[in-house]
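First up is the structure itself, then whatever we jot down about it.
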Amino acid sequence: MMVELAEIQAAYYMIAATGVLVAAAYYVMNLRVQQENMREASKNRKIALTNTLLQTLTSEAGLKRYISLVSMEWKDWADFDRKYDSKVNEDNFVMRALFNSNCSNIGYLLKEGVIDVESVYQLCGEEIMDVWLKLKPVHYRHVETGNYGKDSFVYFEYLAREMIKMKAVRDPSYKGPPDYFAPEEYDKIVKG
């Protein structure tokens, strides 16, 4: 029994085609594993960066700053200026500026998708909400008077709004911060 050359060639082509299919399947499987590894590495980098950025807010000094900021009291703008203006209370100004700067930076990176929103919320979401709601009138006043540019607090506000939205989803029974933290502003953000 003699095998014809055409049959040998057909068998060779089938073996070669099978090899190509196996190689393609192997390539696709490897590509999927690499993509999953890259997604996981990206997620881990986001979490690590977020935690590094939040250390300033969640450290002992950061929590003391938070308490000082939310404990501020003033009756009107003259009273605020008398107590907290940078010319009369440099320490308070530095605390506000540091908190504002940190939150603006975190807000920008959050908006760009560089950091992890879940970590921000879990580590200091309420502190960010509280300080924003407490100082929003001050920020807006400084913008209105020309002390700061119109875009000075955009990313801090973005960050605070994202934290408020998450709070509303995670804890619908929460009715907003205490009266002196502007609960009506909280409600306005939650209701959209």
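Numbering (the numbering used here) for the sequence shown: 1 to 192. Where is the CB? At the ideal position from N, CA and C, for every residue including glycine.
Query	Result
For residue 149, which of helix, strand or coil comes out of DSSP?	coil
Please classify residue 132: does DSSP put it in a helix, a strand, or coil?	helix
Could you pull out every residue in the same chain whose Cβ sits closer than 7 Å to the Cβ of residue 131, ignoring the five residues on either side in sequence?	66, 69, 70 and 99
Using the rule of at least 16 other Cβ atoms within 10 Å of the residue's Cβ for burial, across every protein chain shown, is residue 159 buried or exposed?	buried
Just to confirm, is the Cβ distance from residue 114 to residue 49 under 8 Å?	yes
Check whether the Cβ atoms of residue 166 and residue 125 lie closer than 8 Å to each other.	yes
How big is the Cα-Cα spacing for residue 91 and residue 144?	23 Å
Tell me the DSSP secondary structure of residue 72 in three-state form.	coil
Taking its Cβ as the centre, do 16 or more other Cβ atoms sit within 10 Å of residue 76, making it buried, or is it exposed?	exposed
Expressed to the nearest angstrom, what Euclidean distance is found between the alpha-carbon atoms of residue 146 and residue 53?	29 Å
What is the DSSP secondary structure of residue 8, counted as helix, strand or coil?	helix
Taking DSSP as the reference, what is the three-state secondary structure of residue 172?	coil
How long is the line joining the alpha carbons of residue 56 and residue 28, rounded to whole angstroms?	44 Å
On the CB-based measure, 16 or more other CB atoms within 10 Å of its CB, does residue 95 come out buried or exposed?	buried
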